[in-house]
Amino acid sequence: MALKHTEKEVKPIPFVFNQSNYRWMLISMAIVVVGFLLMTGDTDIYDFRKIVLAPVVVLAGFGVGFYAILKKPETKA
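Residue numbers for the sequence shown follow numbering that gives the first Met the number 0, so the first one is 0 and each next one is one higher.
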């Protein structure tokens, strides 16, 4: 019994994210790393930089990350 060979049109599957989403994700990871670097050091543990500035920077980095995930890719017309 011979098998029939059928040709099917193969459509490329689009990616969920595009280049701009990945760029925003890399920016958010860099912001989070900067925030954690602000938390390090041998200064006083109750320094403004460690207890206020660094957590705000880390949370801003997470916010940019959420934006990168939820951003819709641009459609080409």
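Even for Gly, the Cβ is constructed at its ideal location relative to N, Cα and C.
Being a predicted model, the structure only gives us computed values, none of them experimental.
- Per DSSP, Y45 lies in no alpha helix (DSSP H) segment and is marked neither H nor E.
- According to the DSSP assignment, V32 belongs to the alpha helix (DSSP H) that extends over Q18 to M38.
- Taking every protein chain shown into account, the CB of G34 has 16 or more other CB atoms within 10 angstroms, so this residue is buried.
- No Cβ-Cβ contact shorter than 8 Å links L36 with L52.
- Annotation for P54: the continuous alpha helix (DSSP H) segment containing it runs A53 to L69.
- With contacts defined as CB atoms closer than 8 Å, V31 and V57 qualify as a contacting pair.
- As the crow flies, the alpha-carbon of Y21 is around 29 Å from that of R48.
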